[in-house]
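Residue numbers (our numbering), protein chains in the order written: chain E, 500 to 606; chain F, 1406 to 1786.
Encoded structure:
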């Protein structure tokens, strides 16, 4: 099964999840997602998702200058973001549970 | 990061910015700031291994990157805003370029025929070039037009990989060609000046702009609006020059050059024919000694020209009532009874045709047409 299709639906949730504990800039978020096992996630998709979540008011951002390389824009969860994370997390869990039940011992 | 890497990354980011150029400027700036830092970081990680190909391999083409980001961010697709007025502008921009390219080539090859159309197309192409440089996002709209996609697809199909490879090896000569192109355009402008004076200005502007266009068009496709017509015009000039040389070499050794190159009276001239009694002959068809028609071009009031060998042509007269064509013969001649004492008594209302039969038949040349059959051929103009 093509995981990229699955990812599309849950990337928001995944990005919110990796930002729950620590703020992170784009590449940071990307690394955390990949380390967490989501290898198929595209670079541009992560940046696009960050932009969308930010535009939706679920993230705040701040710029940190860097000595080597370009300055970095860090994203952090704000209150609406945390609420969304809890809410979407619940939806996901019930969804995953439902699918598990459907699959039963077959899978 | 070395400068080479820097420019390549910059090109990548420029292309990305272009692909997103239909979005609000502030948003594009944020994205390029953010994702651009990422591209730079990826490039740095590659270190010495860095090539544009490797970067593209890792991140996809700038357009693919932009499209993926666009989809994830939930921005409208670039083709969506291209509707109504804006798609009309995009269409105008695209088709003006196409027409401009065709016209630039045709104008050079034909040595400046069809002047009004050339001016119109030249104007449209200039406006299109200005538009594409001034209006943000117009290029993205043009690129999203179905006909643009069809044209680029067709071009990609007619260029098999080995042709592309051959073109790639020619790339080192590009700077030479860019300079030659500018010179050809400048020369073409001067040559064609007599035909259409505004062309000189257009040609000089095009020649100057074509110099940076060669370099810039690689990364900034807006410059195609300069470089493509420039190339078409220069190639047309080149073809015209070769054509002229070929004609000259073709005909020079032949003894009957007079007939071959001089294919009839000059376009602005006319021929009036009289019989031995001085009666004007109309609708006369002229041929040379090989039986070839002595065709010449003639422009009537409608602007359409006629290429045939029927003389005399109607005269085109411009006055208060506008343009009209007058048939008939504007003067009379008295036929000389003795060829040596010619008695010109022609009158010419236009004042230009003083060339009544003065020395049409010197007796020293018995092969001349007049003594054997006293039909006098005079040319006016």
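Don't be surprised by glycine CBs; every beta carbon is placed ideally from N, CA and C.
| Check | Outcome |
| --- | --- |
| is_contact[residue 1641 of chain F, chain E] using C-beta, thresh 8 Å | no |
| Helix, strand or coil at residue 559 of chain E [DSSP, three-state] | strand |
| Which of helix, strand or coil DSSP assigns to residue 1810 of chain F | There is no way to answer for residue 1810 of chain F, as the model of chain F reaches only from 1406 to 1786. |
| Close beta carbons around residue 1641 of chain F, own chain, < 6 Å, minus the five adjacent residues each side | 1510, 1513 and 1514 |
| Counterpart residues of residue 1472 of chain F in DSSP-defined beta bridges | Paired residue(s): none; residue 1472 of chain F is not in a bridge. |
| Short Cβ contact (8 Å threshold) for residue 1633 of chain F with residue 1502 of chain F | yes |
| Through-space distance from residue 1619 of chain F to residue 1458 of chain F, alpha-carbon basis | 22 Å |
| Sequence-distant residues of the same chain with beta carbon closer than 6 Å to residue 1685 of chain F, five excluded per side | 1679 and 1734 |
| Cα-Cα separation, residue 1650 of chain F to residue 1644 of chain F | 10 Å |
| Proximity test, Cβ basis, 8 Å: residue 550 of chain E and chain F | yes |
| Element boundaries [alpha helix (DSSP H), containing residue 519 of chain E] | It is not in any alpha helix (DSSP H) - residue 519 of chain E carries neither H nor E in the DSSP assignment. |
| Sufficient close CB pairs (3 or more, under 8 Å) joining the region 1430-1448 of chain F to the region 1457-1471 of chain F | yes |
| Contact belief for residue 545 of chain E with residue 529 of chain E at Cβ below 8 Å, rounded distance in angstroms | 5 Å |
| Under 7 Å from the C-beta of residue 1464 of chain F: neighbouring residues of chain E | 542 |
| Closest residue to residue 520 of chain E among E:574, E:555, E:508 and E:551 (Cα-Cα distance) | E:574 |
| Per-residue DSSP class, three states only, for residue 1801 of chain F | Residue 1801 of chain F is absent from the structure shown; chain F starts at 1406 and stops at 1786. |
| Interface positions of the region 1436-1456 of chain F facing chain E (Cβ-Cβ less than 8 Å), listed along the chain | 1436, 1438, 1439, 1440, 1441, 1442, 1443, 1445, 1446, 1447 and 1449 |
| C-beta neighbour in chain E for residue 1473 of chain F, strict 8 Å | yes |
| beta-carbon residue 1653 of chain F near the ligand NAD non-hydrogen atom, thresh 7 Å | As for the ligand NAD, it is missing from this structure, which has no ligand bound. |
| Simplified DSSP state of residue 1411 of chain F, which is helix, strand or coil | helix |
| Straight-line Cα distance separating residue 526 of chain E from residue 548 of chain E | 13 Å |
| Near-chain E residues of the region 1414-1428 of chain F - C-beta to any C-beta below 8 Å | none |
| Endpoints, beta strand (DSSP E) assigned at residue 544 of chain E | No beta strand (DSSP E) contains residue 544 of chain E, which is instead part of the alpha helix (DSSP H) from 542-554. |
| Cβ pair count under 8 Å reaching 3, the region 580-600 of chain E against the region 1474-1484 of chain F | no |
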